[in-house]
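There are 2 protein chains.
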Amino acid sequence: MGTEEQGYFTEESSTEVVTSRNAGAKSARLKEVMEVVTRKLHEAVKELEPTQEEWMDAILFLTRTGHMCNEWRQEFILLSDVLGVSMLVDAINNRKPSGASESTVLGPFHVADAPELPLGANICLDQKGEDMVIGGRILDIEGRPIENAVLDVWQANDEGFYDVQQQGIQPDFNLRGIFRTGSDGYYWFRAVKPKYYPIPDDGPVGQLLAALGRHPYRPAHLHYIIKADGFETLTTHIFDPDDPYIHSDAVFGVKESLLAEFRLMDDPAQAKDLGFDGKFWKVEHDFVLAPAR
Amino acid sequence: MGTEEQGYFTEESSTEVVTSRNAGAKSARLKEVMEVVTRKLHEAVKELEPTQEEWMDAILFLTRTGHMCNEWRQEFILLSDVLGVSMLVDAINNRKPSGASESTVLGPFHVADAPELPLGANICLDQKGEDMVIGGRILDIEGRPIENAVLDVWQANDEGFYDVQQQGIQPDFNLRGIFRTGSDGYYWFRAVKPKYYPIPDDGPVGQLLAALGRHPYRPAHLHYIIKADGFETLTTHIFDPDDPYIHSDAVFGVKESLLAEFRLMDDPAQAKDLGFDGKFWKVEHDFVLAPAR
Ligand SMILES: [Cu+2]
Ligand SMILES: [Fe+3]
Ligand SMILES: [Fe+3]
């Protein structure tokens, strides 16, 4: 009997029998991962005592989830999202010092090569939706403005669709842009008010949500990736606190500190300055970057 | 804020925030399953603290595993097998009273409609391999013979292949048969000595085994499903204790009580009686059925 062999399988010894086989693993990290994954899986099975039929249901659910994945659709990431696992991995990897802005999930709709635009540019290229102006400062943890911070912003339109979901309907790079702060750390741009949208729910994950009595919606938000030399890159959103789904984001992305204020402005002079026609939304939100580690 | 809403996601509250969303689940069992699955997943993530790259590696592993599944190949069952989860589910669903024979996994090679054969029939239809005679009694827990017990047996050939893996090479129903005991509870049949074989290892699960320094082999065995009125159906194997992989079955199917003795017989008179040419293997193994619950 080799050193990797710890006797035969029993209900009691199951985890040890299985993980002891991994003595010759090529990577210490993989060995550690499989030790924890095996132990937690066996704990779950021992707690739930699934029937053979239930276990097969789980196998077939995972199989359908895999078959749903293609170049455009990642159903296992959706599954991770709706179980709060993506947010947990994000939280673990982005613990911030007190006072720094919090992160949230990247999401699937970022594109790498959005155009860099002058401050104040309107990222809405099709004049569709309710006008909105967004601005604020990028600060360090002592409240000092950060010059040359680069903001990569993207958002859904007034119907809850990103440009990449509506190629040929929305202009390319609609509601996306890259902005750079001046010496006052200030950023601002014009856009339209985004709308809540569903995560793709025509697959196994959508069926699971329905069976759990859960809806598939994410509350309206704007995405940001903010980079500056000497600081940790911040991947985050800001959310509309008046959104109907603000307390029940399907992917658990909302954090208290990410709630912005969306004020409806009835100010003809300011509207005229901004090139807007009538009422518009105004959002002011500062971001605080943590120092690079 | 609805009753299903337990505040925003934090690292600390992650499990409660996610599972509280399932208040309206359509099935109490599904709700319980998702409560345990979510909790164990979050525990695993908190213990391992995966990087974003490691988490994506896990997503992509599951995706490849799903894509490997087709009508003939169930890679998620293989994954469950090599992590000992299939055996654990089997063990939980087949706890036997003391003295009863133990179960093990069914495996993927059972076929439903094997022919019923007279006791003593030779299930080897192609005269390939080393002759073997197998016999024993089907008993109740008090040691009394069970009449009319039905044994469904199947095995790999001398090269480790089942007939269904070699259609056109092996005859249909090679090394399969259904036998029925008489009033003495005795069964016997003739066959050939089976060989160890690998589980399918050309997919993601095989790659995982290799990375863990594990081989894909199952030690030589015969499969049995034994049914009798008034008794629990027993799905099990018997194993050759001299097999090189007997202590390291890739799917953890071996139990102490499932080891049979494979004796090499040099007995020309008995060989002649059995219609064998020279030396042959002899296996004697009784099975004890638990009363129906
Ligand atoms: Cu509420
Ligand atoms: Fe989004
Ligand atoms: Fe087998």
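Protein chains in written order, with full-length UniProt numbering: chain A, 1 to 293; chain B, 1 to 293.
Think of the CB as a built atom: it goes at the ideal place given N, C-alpha and C, for glycine as much as any other residue.
Taking 8 Å as the CB-CB limit, is residue i close to chain A?
i	result
residue 114 of chain B	no
residue 151 of chain B	no
residue 203 of chain B	no
residue 50 of chain B	yes
residue 218 of chain B	no
residue 284 of chain B	no
residue 183 of chain B	no
residue 76 of chain B	yes
residue 134 of chain B	no
Give me the Cα-Cα distance between residue i and residue j, rounded to the nearest whole angstrom.
i	j	result
residue 294 of chain B	residue 93 of chain B	No answer is possible for residue 294 of chain B: the residues shown for chain B start at 1 and end at 293.
residue 75 of chain A	residue 137 of chain B	51 Å
residue 259 of chain B	residue 62 of chain B	35 Å
residue 152 of chain B	residue 164 of chain B	16 Å
residue 1 of chain A	residue 33 of chain A	Below a pLDDT of 50, predicted positions are generally treated as unreliable, and residue 1 of chain A, at 44, falls in that range; the measurement from the model is reported next regardless. Cα-Cα distance, rounded: 25 Å.
residue 23 of chain B	residue 252 of chain A	16 Å
residue 28 of chain B	residue 125 of chain A	48 Å
residue 169 of chain B	residue 67 of chain A	32 Å
residue 261 of chain A	residue 286 of chain A	11 Å
residue 129 of chain B	residue 250 of chain A	59 Å
residue 268 of chain A	residue 121 of chain A	20 Å
residue 160 of chain A	residue 70 of chain A	23 Å
residue 131 of chain B	residue 198 of chain B	23 Å
residue 155 of chain B	residue 222 of chain B	5 Å
residue 186 of chain B	residue 145 of chain B	8 Å
residue 8 of chain A	residue 254 of chain B	6 Å
Hey, would you say residue i sits closer than 8 Å to residue j, going by beta carbons?
i	j	result
residue 173 of chain B	residue 112 of chain B	no
residue 100 of chain A	residue 288 of chain A	yes
residue 240 of chain B	residue 220 of chain B	yes
residue 176 of chain A	residue 246 of chain A	no
residue 88 of chain B	residue 11 of chain A	yes
residue 44 of chain B	residue 36 of chain A	yes
residue 117 of chain A	residue 179 of chain A	yes
State buried or exposed for residue i, treating a residue as buried only when at least 16 other CB atoms are found within 10 Å of its CB.
i	result
residue 26 of chain B	exposed
residue 210 of chain A	exposed
residue 104 of chain A	buried
residue 281 of chain B	buried
residue 194 of chain A	buried
residue 206 of chain A	buried
residue 3 of chain B	Any reading at residue 3 of chain B must be qualified, since the residue scores a pLDDT of 43, below 50, and its modelled position is unreliable; the value itself is stated next. Exposed, by the Cβ-count rule.
residue 72 of chain A	exposed
residue 157 of chain B	buried
residue 102 of chain B	buried
residue 283 of chain B	buried
residue 218 of chain B	buried
residue 40 of chain A	buried
Output the boundary residues of the alpha helix (DSSP H) element that contains residue i.
i	result
residue 61 of chain A	52-68
residue 155 of chain B	Premise fails: residue 155 of chain B lies in the beta strand (DSSP E), 150-155, not in any alpha helix (DSSP H).
residue 177 of chain B	Unbroken run through residue 177 of chain B is the beta strand (DSSP E), 176-180; no alpha helix (DSSP H).
residue 29 of chain A	28-48
residue 131 of chain B	Premise fails: residue 131 of chain B lies in the beta strand (DSSP E), 131-139, not in any alpha helix (DSSP H).
residue 248 of chain A	Element bounds for residue 248 of chain A: n/a, residue is neither H nor E.
residue 14 of chain A	14-19
So, does the CB of residue i fall closer than 8 Å to a CB anywhere in chain B?
i	result
residue 20 of chain A	no
residue 97 of chain A	no
residue 37 of chain A	yes
residue 73 of chain A	no
residue 55 of chain A	yes
residue 84 of chain A	yes
residue 8 of chain A	yes
residue 3 of chain A	Any reading at residue 3 of chain A is ruled out, since the residue's pLDDT is 42, under 50, leaving its predicted position unreliable.
residue 41 of chain A	yes
residue 192 of chain A	no
residue 67 of chain A	yes
residue 107 of chain A	no
residue 272 of chain A	no
The beta strand (DSSP E) that contains residue i, what's its start and end?
i	result
residue 264 of chain B	262-265
residue 191 of chain A	186-192
residue 280 of chain A	280-284
residue 223 of chain A	221-227
residue 293 of chain A	Looking at the DSSP string, residue 293 of chain A is not in any beta strand (DSSP E), and its letter there is neither H nor E.
residue 237 of chain B	234-239
residue 123 of chain B	Per DSSP, residue 123 of chain B belongs to no beta strand (DSSP E) and is neither H nor E.
residue 212 of chain A	Residue 212 of chain A -> no beta strand (DSSP E), and no H or E assigned at all.
residue 273 of chain A	Careful: residue 273 of chain A lies outside any beta strand (DSSP E), inside the alpha helix (DSSP H) at 268-274.
What in chain E is Cβ-close to residue i, meaning under 9 Å?
i	result
residue 30 of chain A	Of the protein chains in this structure, namely A and B, none is chain E.
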